[in-house]
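Asks:
Residue numbers (the numbering used here): 276 to 531.
(1) What is the C-beta distance between residue 435 and residue 427, in whole angstroms, given that I count them as a contact (C-beta under 8 Å)?
(2) Check this for me: beta carbons of residue 494 and residue 369, under 8 Å apart or not?
(3) Quick one: grab the DSSP three-state call for residue 466.
(4) Keeping to the same chain, check which residues put their C-beta closer than 7 Å to that of residue 408; ignore five residues upstream and five downstream.
(5) For residue 377, count neighbouring C-beta atoms within 10 Å of its own C-beta (all shown protein chains included) and say buried if the count is 16 or more, exposed if not.
(6) Who are the Cβ neighbours of residue 460 in its own chain at under 6 Å, not counting the five residues just before and after it?
(7) What's the C-alpha gap between residue 423 and residue 337?
(8) According to the Cβ coordinates, are residue 345 and residue 417 closer than 8 Å?
(9) From 470, 440, 498, pick the residue whose C-alpha is nearest to that of residue 347; which is it?
(10) Over what stretch of residues does the alpha helix (DSSP H) that includes residue 512 continue unbroken?
(11) What residues in its chain sit with their C-beta under 6 Å from that of residue 413, if we drop five residues either side in the sequence?
(12) Can you name, in chain order, every residue of its own chain whose Cβ lies under 8 Å from the Cβ of residue 388, other than the five neighbours on each side?
(13) My guess is that residue 391 and residue 374 are in contact by the Cβ rule of under 8 Å, so how many angstroms apart are they, rounded?
(14) Any idea what DSSP makes of residue 387, helix, strand or coil?
(15) Which residues mark the beginning and the end of the alpha helix (DSSP H) in which residue 416 is found?
(16) Buried or exposed: residue 521, going by 16 or more other Cβ atoms within 10 Å of its Cβ?
(17) When DSSP labels each residue in this structure, what does residue 368 get in the three-state scheme?
(18) Taking 6 Å as the limit between beta carbons, can you name the residues of its chain near residue 300, skipping five residues before and five after?
Structure (C-alpha cells):
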C-alpha cells in the first residue's frame, strides 16, 4: 500500500513539473509576441511579428510607416488647401474665438450678422490658404523617424503616427503657419473685417470691455488642429481600410 502511494505521489509531482514548464514556456511565448516576436537587439534588419500578422524587418516597418505618413499628410494638406476645406467641414470649421462669441451674438442682435458671416468665412479661407505649407515640415519629420519611433507607432493606436507628428512638428508648424496665416488674413480681408466688427462693438453704448484678441494666433491654432484631425483620419483609414493601402509596401506592412 505504501509503495503504491509513493508511486502515485511521484507521478503527480512529475506531471506538475511538466505542466509548470509548459506554463512557463507559454508565458515566454506570449511575452515574445507582445514584444514584436523577438527579443530586443540593435539590428535594423531584425524580424518582427507585427500586430497585423506579418513577419517584417525593422527597415520594412519604418519604410512602410514613412510612406503611410507621406501619403496621409499630402492627402490631408491637399484636401484642406481647397476652397471650403475648412469652411465646408463642420468638424474643423473655424468659428469666432470663444471670448468673442457673446460679442458676436450682440452684434447679430444689432443687425451686423452679415459682417460676422464675412469674418467667419475669411478666417476659414485663411486656414485653407495656409494648409498647403505644412507638407515640407511633415516630410522633414517623417525623414527623421527612427527605428524606435517606427516600432512605437506600429504598436500604437489608430492615431499613433499622428501623435508622433504632432509632438515633433507643432512648434515648427506654428512658426511657419503664423506669417502665412497673417498674410492670408490680410489677403482675404479678415483683418479688415475683424477690425471693422470690433470697432463697431467697441463703440456700442453697452460695451464695457474693449476687445483685443490675437486673431492670427487663434486662426493658426485652429488651422493646425484641423490639419492634425485630417491627418489622423488618413492614418486610421490606411490602418483599417485595405483599399487605402495604395502601394505594395503599405500592403506588406499594414496588410493581414
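Note that the Cβ used here is the ideal one computed from N, Cα and C, for glycine as well.
Replies: Based on what the coordinates show:
(1) Rounded to whole angstroms, the Cβ separation of residue 435 and residue 427 is 7 Å, and the two are in contact under 8 Å.
(2) Taking the C-beta atoms as reference points, residue 369 is found nearer than 8 Å to residue 494.
(3) Here DSSP, grouped into helix, strand and coil, assigns residue 466 to helix.
(4) The answer, listed in chain order, is 451, 452, 455.
(5) Residue 377 comes out exposed.
(6) Excluding residues within five positions, the ones whose Cβ falls inside 6 Å are 401, 466.
(7) It is roughly 9 Å from the alpha-carbon of residue 423 to the alpha-carbon of residue 337.
(8) Yes, the Cβ-Cβ distance between residue 345 and residue 417 is below 8 Å.
(9) Out of 470, 440, 498, 440 has the C-alpha closest to the C-alpha of residue 347.
(10) Residue 512 -> alpha helix (DSSP H) spans 490-515.
(11) So the list reads 348, once near-sequence residues are dropped.
(12) For residue 388, where only same-chain residues beyond five positions count, the Cβ hits under 8 Å are 382.
(13) With 8 Å as the limit, residue 391 and residue 374 do not qualify as a contact, their Cβ atoms being about 15 Å apart.
(14) In this structure, residue 387 counts as coil in the three-state DSSP scheme.
(15) Residue range 410-418 is occupied by the alpha helix (DSSP H) that includes residue 416.
(16) That one is exposed.
(17) Coil at residue 368, not helix or strand.
(18) Unreliable placement is indicated for residue 300, whose pLDDT of 40 sits below 50; the coordinate value is still reported in the next sentence. None.
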